[in-house]
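S.K.: Below you'll find the structure I mean.
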Amino acid sequence: MYSKRAFSLWEVLCVLLILSFMMASTATTDMLSYYQKWSERQQLYQANRHLLSAIELSRSLALQSKLSVTLCGGISCDGNWSNGLSILRNSTPLPFKTWLFPDFIQLQWRGFPARKAAITFLPTGMSNFQNGSFYLCFRGEKRKRVVVNKAGRAYEDPSFVGGDQC
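Residue 1 is where the sequence shown starts when you use UniProt numbering, and the numbers rise one by one after that.
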């Protein structure tokens, strides 16, 4: 009789078990990496929503109260937009509302004047400056652009590609 050499059922199952563990560990690493990127994209999207809502709220407060309302950069209004946003009503020292951004998201203002620490919305809802843009930067790279026109209205620029350094 001829003797055939083959793997036993137990040997095949052990090899399959080891391979499945290796594949699972690779898939888990990929999933964690994917989840981290997704989470960071969501935080960028949320920061963009916070910026747009801060501008819209500042403008509507100015229209409703018939008083000037200031949207300033930084929680303490120091002009550093990346440290958050604050709304001040009628030059009161206490902020009406504040927003914070994650550390890896920077916010830059580009417009006239180039280094603006605050935007004041007049009782008419118009801003006291010319057009300008906020750039949301993600890990040092421009990702989103929010345009603010002289009428005080803000919108996200859908044609902005990004990629430039902040």
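Beta carbons are placed, not taken as given, at the ideal position from N, Cα and C, and that holds for glycine.
Would you identify the three-state DSSP class for lysine 150, choosing helix, strand or coil?
M.R.: Correct three-state label for lysine 150: coil.
S.K.: List the endpoints of the continuous beta strand (DSSP E) containing valine 69.
M.R.: Counting along the chain, the beta strand (DSSP E) containing valine 69 begins and ends at 69-73.
S.K.: Start and end of the alpha helix (DSSP H) containing alanine 24?
M.R.: Here the alpha helix (DSSP H) through alanine 24 covers 9-65.
S.K.: What separation, rounded to the nearest whole angstrom, lies between the Cα atoms of threonine 98 and serine 58?
M.R.: Threonine 98 and serine 58: Cα-Cα distance of roughly 11 Å.
S.K.: Rounded to the nearest angstrom, how far is the Cβ of lysine 142 from that of aspartate 164, given a contact under 8 Å?
M.R.: Contact holds; Cβ gap of about 5 Å.
S.K.: How would you label arginine 139, buried or exposed, when you count the other beta carbons within 10 angstroms and need 16 or more for buried?
M.R.: Exposed.
S.K.: Leucine 67 to serine 76, Cα distance in whole Å?
M.R.: Roughly 21 Å separates the two Cα atoms.
S.K.: Determine the closest residue to tryptophan 81 out of Ala54, Arg89 and Lys150, with distance taken between C-alpha atoms.
M.R.: With distances taken between Cα atoms, tryptophan 81 lies closest to Ala54.
S.K.: Check whether the segment 125-137 touches the segment 26-43, taking contact to mean three or more Cβ pairs, one atom from each stretch, closer than 8 Å.
M.R.: Contact fails: fewer than three Cβ-Cβ distances are below 8 Å.
S.K.: Reducing DSSP to helix, strand and coil, say where serine 159 ends up.
M.R.: Here serine 159 sits in coil by DSSP.
S.K.: Which residues does DSSP list as the beta-bridge partners of serine 86?
M.R.: For serine 86, which the question treats as bridged, DSSP gives the partners Cys72 and Thr98.
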